[in-house]
Amino acid sequence: MNFNFSPLPLLFMIAGSAGSGKGRFLKSLIDLKAQVIDLEKLACHNGSAFGNLSNTKQPSRIEFHTELFKKWERMDPSRPVFLEMEGPFLGSVDIPDSLYQQMITSPVIYLKTDFNLRVSNIIEDYSNNPKQEIVDSLEKLKPRIGVKAFATCLILLDTGNLSELVKILLDYYDQTRTYQVDRSKIILQLTIDKPEYPEKAKQIMEFCNSRNRIS
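FYI, the numbering for the sequence shown is 346 to 560, going by the working numbering.
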């Protein structure tokens, strides 16, 4: 079954490197009553090797597409709609092409987040997961990060040095992104050096609403 995702004229993408706080921004935007579609929540996956550490089963392709289409159809086209920029796949499910083409051509709000804050965000997101799940996810990355880096990661995990472990992984993710942002699509870049996500979300809302009034 193919769903036709009709264009939304005020679609904005939230983009940034791993750990930049994109999910935190979406949550803050939801708190502000903004129109948000959380693709990762619907897919039960965050798009990386650590995508479903919570052991939540992913929906089937048709289940994901159906729920996504329902949410899309409920969006008010006269108001801004926010999505997190993703690659074409979230684990085992794909983003429908008629939606993905809109995503890669829509205006982008880019989060330029301090590296140390990115490290802190990832530790906060994953440090409470069972150790074996983290090891299993590292195993998936082993062919790509190499045997030496993999062994180092295991030692750092065993000794509880999560900061250094995350730095190794961020270095890998920064070099091998699942998507590349078209710099010409960036309409706003936010520098994030403190976890002030609600305040920055308000700034995003004001900016997008002002563009809506102008248009």
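Glycine included, each C-beta is placed from N, C-alpha and C at the ideal position.
Computed from a predicted structure; not experimentally measured.
{"Item": "Whole runs of the beta strand (DSSP E) within the segment 360 to 387, excluding any shorter than 3 residues", "Value": "380 to 382"}
{"Item": "Given 8 angstroms, three or more beta-carbon pairs between the segment 446 to 458 and the segment 531 to 547", "Value": "yes"}
{"Item": "Contact set for Asp538: own chain, Cβ-Cβ below 6 angstroms, skip 5 residues either direction", "Value": "Asp459"}
{"Item": "Whole-angstrom C-beta distance between Asp481 and Ser362, which should lie under 8 angstroms", "Value": "24 angstroms between Cβ atoms; not a contact."}
{"Item": "Under the three-state DSSP convention, the category Ile532 falls into", "Value": "strand"}
{"Item": "Contacting residues, own chain, Cβ-Cβ under 8 angstroms from Leu371 (five flanking each side not counted)", "Value": "Ile359, Val381, Asp383, Phe427, Glu429"}
{"Item": "Integer-rounded CB distance, given that Ser443 should sit under 8 angstroms from Phe552", "Value": "That pair is no contact at about 27 angstroms."}
{"Item": "CA nearest to the CA of Gly368, picked from Thr521, Pro540, Asn554, Arg556", "Value": "Pro540"}
{"Item": "Straight-line Cα distance separating Val464 from Gly432", "Value": "22 angstroms"}
{"Item": "Ranges of the alpha helix (DSSP H) found wholly within the segment 392 to 455, counting only runs of at least 4", "Value": "406 to 418, 442 to 450"}
{"Item": "Leu507 and Ile468 closer than 9 angstroms at C-beta", "Value": "yes"}
{"Item": "Alpha-carbon to alpha-carbon, Leu356 and Val526", "Value": "15 angstroms"}
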